[in-house]
Every structure is written in structure tokens, then in C-alpha cells.
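I have placed the structure first, in the form of C-alpha cells, so that the comments after it can refer back to it.
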Amino acid sequence: VTRLVVFTDGEPTAGIRDYNALVQHVGEIKARGISSTFLGFGYEYNEELLAGMAKRSGGNYYFISRPELIPEVFRTELDKLMTMAARNLKLNLKTARWCSLRQVYGHDVPFGESTVEIDLADIEKGTDLGLAVDLEFPNHPLGHYRVAVGRLAYDDAITGKTESVDIDVVLEFTADEAECSLPQNPIVARSVEVSLASRVVEKTMMGLKAGQITAAMAVSELQKTQMLLAQDGRSEEAQQVSQAIRDLQSGNAQQVEKTLIGTVTSLDQGKKSHE
4 VTRLVVFTDG EPTAGIRDYN ALVQHVGEIK ARGISSTFLG FGYEYNEELL
54 AGMAKRSGGN YYFISRPELI PEVFRTELDK LMTMAARNLK LNLKTARWCS
104 LRQVYGHDVP FGESTVEIDL ADIEKGTDLG LAVDLEFPNH PLGHYRVAVG
154 RLAYDDAITG KTESVDIDVV LEFTADEAEC SLPQNPIVAR SVEVSLASRV
204 VEKTMMGLKA GQITAAMAVS ELQKTQMLLA QDGRSEEAQQ VSQAIRDLQS
254 GNAQQVEKTL IGTVTSLDQG KKSHE
């Protein structure tokens, strides 16, 4: 067994009930090489719990708004399982002693840690996985210096063997104004932009829930995010945001949060299909 598909209302009535304990539990299952996908149906389930467990386990989260969508969701999940390329991805990263880790976009990492271990989502063939890291360091002598080292370990889904790739992060410190004025690497810039968009969606979702913003204000923010995701080729997430916009415009706010939390979960995984 390498994947559990859980169809639930997300409201535990027996056994472990605490949010953190349940998330930790699926993390322990993940440590045994089993990821979990969670399907939420209707409007009464706890989407925050299901999305949190899906993210911790390296699986997926789906909001099923209508019964007729259930077969389609199962087909999507089965397709992902049949095209799995690598599972149980784990990134170990260690910064130089003079370098601080500010954040890892899409992941909860304490500020200032010098060594971190990050669990990443399983990936399918034809899928890229991006991870943006924000580093901080003081003024430094000019030249090329190693700022971090790492190792990405994963289980090859074809051979079943555990493989690893060593990572060496070397930066050039320069006083050359021409080099400093060069534009950001477009891949890195877009990865950060998408990660920040995920936080915008999350903030919009929470603002709606707390009554701090109106539906019209939410639509305005979500339209910007939808355009960004569409331009980046993230059609699935762009469609989810479009659905949330339509629901807000039609007054059907009941399922907006359930849709958007799926968008946030997907974006935080950092995966993108290039087929």
C-alpha cells in the first residue's frame, strides 16, 4: 500500500479528534511510505482538517460539490497513481553558519534554523516540483561562496529503490552594478510569485470568513490571482479560482472556502504539469 484515499466528512466522532494530533497521525503514516488523499463531499465537512492532513501526508485534497463529480475525481486520482514517478520526497537543507534561513515558501519552517528537513509531495510523470527558499546573510567578501548544501531523497516509483541527489548552493557576491541590475531568474521569480499568490488566496478566504472584506473586494483580489495562475499555465488552480469567483458573484458563498482551500493546498505543494 502506497496511497490511501479517504472519503470523509472531516468531523471525527471517535478516537483521535484533535486537529494537530490527526495531522501528526497522517505524518506518521507518511513516514511509513504511505501518502493520503482526502475527498470532501457536500458543505458540512471540515475542509481545514482535510486540507491540513493532505498537505502533511504528501497527497491531494478534493472538494466534491456534486455527487456526479465523484467518478471524475477518482479517475483523476487513479491517473496520478498510475503515472507516479517519485514518492516520499524529503529535502534536507543546511545553511552556512553565516547564513540564515528566512523562509521556505509553502512550508512552515522556523525563522533562523540552520538545518531543516522538508517533506515534499509525491510527483507524477510530466510534473515539475518547485521550491523557493529565502536566505538572509550580512555583508560578505566578494567572490563565490557556498551558502547551503542539501540532499533530496526519494523512492523511485518504478524501481522501488531509494535514490538521492546532492545539492550545492553557491552564490557570487559582487560589487558589479551591471550584474546586480540584471533581472531575477524568471523561474525563481515566478515560483515566489505563485507562492505569494497562495498567501493572497488564503488571506482573502480568511477575510471573507471573518467578515472583514466584502464579496466584491474578494472578487477583485481573486481575479488578479486567477490571471497570474492562468499565465503560469496552472490551469487547474486557475479554474478553481474562477469557480470561486462565479460562486461569489452568484451569492453562493457556501462553497467558496472549500474550493479555495484546495487551491492553497495545491499551490503550496509546488507542483506544475508541463504536458
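The sequence shown runs 4 to 278 under the working numbering. Idealized CB from N, CA, C, for every residue including glycine. Note that this is a predicted model, so its numbers are computed, not measured.
- Per DSSP, Y148 is one residue of the beta strand (DSSP E) stretching across G146 to D159.
- Assigned with DSSP and collapsed to three states, K212 falls in helix.
- K33 places its beta carbon less than 8 Å from that of D122.
- DSSP places T165 within a strand segment (E or B) once states are collapsed to three.
- The C-alpha of Q257 lies about 29 Å from the C-alpha of Y108.
- Following the DSSP letters along the chain, one finds Y65 inside the beta strand (DSSP E) bounded by residues Y64 to I67.
- Non-local C-beta neighbours of S68 in its own chain, meaning closer than 6 Å and more than five positions away in sequence, comprise Q258, ordered along the chain.
- Annotation: F140 to W101 spans about 6 Å, alpha carbon to alpha carbon.
- DSSP places S60 in the helix class (H, G or I) of the three-state scheme.
- P70 and S194 have their C-alpha atoms spaced approximately 35 Å apart.
- Counted as a single uninterrupted DSSP element, the alpha helix (DSSP H) harbouring N23 occupies residues Y22 to A34.
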